[in-house]
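S.K.: Once you've had a glance at the structure underneath, I'll fire off some questions.
Numbering (the working numbering), first residue to last: 1 to 266.
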């Protein structure tokens, strides 16, 4: 058993029964997948999110291993990633509690609880109508530079998101109203952490980001601006030194786009 539940929270849920009570929480379900549920609930008038892991089963574990993917069997990777993000300065959901029970990886139950970020909007939603209603150029440039900065910071610290889509970058609207462009990077349950990011993991993250932004009206200049900021080098040097990687990024992003279109428009 591994628990990091603050005492006031544990007492609210009945001390010894806290784990069981939290795993049985109900609320507004944001995502439901086999073995995992994400929901929003209120506690003493304050909103929180909790991601519940109920066990993925051996079939899912073997399926991941056969495709050379690390299976996610608990909320621990996300809990660790949140704390790592806080340490290096990538804004994300503030951690509240974590607990895990069970030695069998196929049946392990766990949860991670975080604070609600409040009034935010994902870049996927924000940019949905940019093709027909372009934003102010200065605002678009600032967003691109901030996404590039956070992505570079992520990779420079040996991490890859593994789901680095624009829907996982969220803009803080109250801070924006005060002139502060503040982005959060969320949904960290698949984040990989090591001393140094691999060539392939870097390529896959950038390709995922590129794919997810293909339909929001970005220009070639916008893409080049991202690359220059991400690498922190003169653009000419980047295009020469990273030619092979960028070709793979483009190819993978196109394949993801075609796969997405076939799945959701057929």
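Here a beta-carbon is modelled for each residue, glycine too, at the ideal position from N, C-alpha and C.
Computed from a predicted structure; not experimentally measured.
1. Among 42, 181, 70, 37, which residue has its Cα nearest to the Cα of residue 54?
2. With a Cβ-Cβ cutoff of 8 Å, do residue 144 and residue 202 count as a contact?
3. Could you give the distance in angstroms between the alpha-carbon of residue 190 and the alpha-carbon of residue 236?
4. Count the other CB atoms within 10 Å of the CB of residue 33; is the residue buried (16 or more) or exposed (fewer)?
5. Count the other CB atoms within 10 Å of the CB of residue 212; is the residue buried (16 or more) or exposed (fewer)?
6. Whole angstroms is fine: what's the gap from residue 84's alpha carbon to residue 147's?
7. Distance, Cα to Cα, residue 98 vs residue 110?
8. Please identify the residue among 200, 141, 170, 242 whose C-alpha is closest to the C-alpha of residue 91.
9. Assess, as a yes-or-no matter, whether the stretch 156 to 164 is touched by the stretch 247 to 257 under the definition of 3 or more beta carbon pairs within less than 8 Å.
10. My parser needs the beta strand (DSSP E) runs of 3 or more residues fully inside the stretch 33 to 105; what are they?
11. Quick one: Cα of residue 246 to Cα of residue 75, how far?
12. Rounding to the nearest angstrom, what Cα-Cα distance links residue 208 and residue 6 in this structure?
13. By Cβ distance, which residues of its chain are closer than 6 Å to residue 172, with the 5 residues on each side in sequence left out?
14. When the Cα of residue 4 is compared with those of 25, 100, 138, which residue comes out closest?
15. With a threshold of 7 Å, establish whether the CB of residue 20 neighbours any heavy atom of the ligand NAP.
16. So, with DSSP's three-state summary, where would you put residue 216?
17. Please tell me whether residue 28 and residue 43 are closer than 8 Å, where the distance is taken between their beta carbons.
18. If we call anything under 8 Å between Cβ atoms a contact, is residue 58 one with residue 18?
19. Can you tell me which of the three DSSP states residue 205 falls into?
20. For the putative contact between residue 238 and residue 227, defined by C-beta atoms under 8 Å, what is the C-beta separation to the nearest angstrom?
21. According to DSSP, is residue 170 part of a helix, a strand, or is it coil?
22. Using only CA atoms, which one of 153, 113, 139 lies nearest to residue 50?
23. Residue 17 by DSSP, collapsed to three states: which one?
24. Tell me whether residue 242 is buried or exposed, calling it buried when 16 or more other Cβ atoms sit within 10 Å of its Cβ.
25. What whole-angstrom Cβ distance do residue 78 and residue 188 have, given they're in contact under 8 Å?
26. Using beta-carbon positions only, say whether residue 117 and residue 93 come within less than 8 Å of one another.
M.R.: Judging by the given coordinates:
1. Reading the chain shown from its first residue, position 54 is the one you call residue 54. Residue 54 has its Cα closest to that of 37, out of 42, 181, 70, 37.
2. Locating residue 144 in the chain shown gives position 144, counting from the first residue. Locating residue 202 in the chain shown gives position 202, counting from the first residue. No Cβ-Cβ contact shorter than 8 Å links residue 144 with residue 202.
3. Position 190 of the chain shown, counting from 1, holds the residue named residue 190. Position 236 of the chain shown, counting from 1, holds the residue named residue 236. Rounded to the nearest whole angstrom, the CA to CA distance from residue 190 to residue 236 is 34 Å.
4. For the purposes of this step, residue 33 is taken as the residue at position 33 of the chain shown. Answer is exposed; the Cβ neighbour count stays below 16.
5. By one-based count along the chain shown, residue 212 stands at place 212. The residue in question, residue 212, is buried, as its Cβ has 16 or more Cβ neighbours within 10 Å.
6. For the purposes of this step, residue 84 is identified with residue 84 of the chain shown, where counting begins at 1. For the purposes of this step, residue 147 is identified with residue 147 of the chain shown, where counting begins at 1. Put simply, the backbone Cα of residue 84 is about 18 Å away from that of residue 147.
7. The residue given as residue 98 occupies position 98 in the chain shown. The residue given as residue 110 occupies position 110 in the chain shown. Looking at the two C-alpha atoms, the distance is approximately 7 Å.
8. Within the chain shown, the letter at position 91 stands for residue 91. For residue 91, the nearest C-alpha among the options comes from 170.
9. Touching, no.
10. As far as the stretch 33 to 105 is concerned, its whole beta strand (DSSP E) runs of at least 3 residues are 36 to 43, 46 to 53, 95 to 101.
11. To locate residue 246, count along the chain shown from 1; it is residue 246. To locate residue 75, count along the chain shown from 1; it is residue 75. Going by C-alpha positions, residue 246 is about 33 Å away from residue 75.
12. For this step, residue 208 is matched to residue 208 along the chain shown. For this step, residue 6 is matched to residue 6 along the chain shown. So the two alpha carbons sit approximately 36 Å from each other.
13. As a working note, residue 172 is residue 172 in the chain shown. Answer for residue 172: 120, 182, listed in chain order.
14. Residue 4 sits at position 4 when you count from the first residue of the chain shown. The option with the nearest alpha carbon to residue 4 is 100.
15. Because no ligand of any kind appears in the structure shown, any question about the ligand NAP cannot be addressed here.
16. In the chain shown, the residue the question calls residue 216 occupies position 216. In the structure shown, residue 216 falls within a coil segment according to DSSP collapsed to helix, strand and coil.
17. Here residue 28 refers to the residue found at position 28 of the chain shown. Here residue 43 refers to the residue found at position 43 of the chain shown. Not in contact: residue 28 and residue 43 (Cβ atoms no closer than 8 Å).
18. As a first step, residue 58 must be located in the chain shown, where it is residue number 58. As a first step, residue 18 must be located in the chain shown, where it is residue number 18. In this structure, residue 18 does not lie closer than 8 Å to residue 58 by Cβ.
19. Position 205 of the chain shown, counting from 1, holds the residue named residue 205. Three-state result, residue 205: helix.
20. For the purposes of this step, residue 238 is taken as residue 238 along the chain shown, with counting starting at 1. For the purposes of this step, residue 227 is taken as residue 227 along the chain shown, with counting starting at 1. 5 Å between Cβ atoms; contact.
21. Along the chain shown, read from residue 1 onward, the residue named residue 170 stands at position 170. When DSSP states are grouped into helix, strand and coil, residue 170 belongs to the strand group.
22. Start at 1 with the first residue of the chain shown, and residue 50 comes out as number 50. When only C-alpha atoms are compared, the closest one is 113.
23. What you label residue 17 is simply residue 17 of the chain shown in a count that begins at 1. If DSSP states are grouped into helix, strand and coil, residue 17 belongs with the helices.
24. On the chain shown, residue 242 is found 242 positions in, with the first residue counted as 1. Residue environment analysis places residue 242 among the buried positions, since at least 16 neighbouring C-beta atoms fall within 10 angstroms of its C-beta.
25. Working through the chain shown from its first residue, we reach residue 78 at position 78. Working through the chain shown from its first residue, we reach residue 188 at position 188. Yes, they are in contact, since the Cβ atoms of residue 78 and residue 188 sit about 5 Å apart, within 8 Å.
26. Within the chain shown, numbered from 1, the residue matching residue 117 stands at position 117. Within the chain shown, numbered from 1, the residue matching residue 93 stands at position 93. In contact: residue 117 and residue 93 (Cβ atoms closer than 8 Å).
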